[in-house]
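Here the structure is laid out as structure tokens; the discussion comes afterwards.
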Amino acid sequence: MTLEQRMLVCSVFLGLVQIVLSSHAASRQYGYRWAASARDQPMPPLAGVAGRLDHALRNFLETFPLFAAAVLVAGLAGRHTHVTEWGSMLYFSARLLYVPLYAFGVYLIRSLVWNVATIGILLVLSGLF
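Residue numbers (this note's numbering): 2 to 130.
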């Protein structure tokens, strides 16, 4: 397994952790009866940490498919370089750092870290050319 593929697997685990954190935070805010229900009734938007964890998860779900596609295509094409390795490490590391920054509402730095993750995806893609 290449380093890029290991970073992809780590990113899958990170996504699962984010799902658990976000769902537990939502359950604490809305109540565990709501969590166990069919959730047919509209609820007010999540607030505070629960809302920020939900936003961080949604953001991960937007970027992860792009990262996964880039890593898988690079693997299929046999493109395994220092650039693709650095890109995959940047993506995972930045996404890992992004979760607590977003959860604690850290202004500006969170956005910079998002850009680092995006640069990671671009580096993996650039390894294809």
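All C-beta atoms, glycine included, are put in the ideal place defined by N, C-alpha and C.
Distances from the alpha-carbon of residue 105 to those of 5, 80, 48 and 17 put 48 closest.
For the pair of segments examined, the stretch 105 to 114 was found not to touch the stretch 28 to 40: the number of CB pairs separated by less than 8 Å stays below three. Using a Cβ distance threshold of 8 Å, residue 64 and residue 128 do not count as a contacting pair. Every alpha helix (DSSP H) stretch that sits fully inside the stretch 38 to 92 and reaches 4 residues is listed by chain position as 49 to 77. Restricting attention to 46, 99 and 93, the CA atom closest to the CA of residue 13 is found in 93. A Cβ-Cβ contact shorter than 8 Å links residue 23 with residue 58. With distances taken between CA atoms, residue 25 lies nearest to 53 out of 10, 53, 43 and 8.
Apart from sequence neighbours up to five positions away, the residues of its chain that approach residue 126 with a beta-carbon distance below 7 Å are 71, ordered along the chain. Short of 6 Å from the beta carbon of residue 81, and not among the five residues preceding or following it, lie these beta carbons of its own chain, in chain order: 3.
The three-state secondary structure of residue 14, taken from DSSP, is helix.
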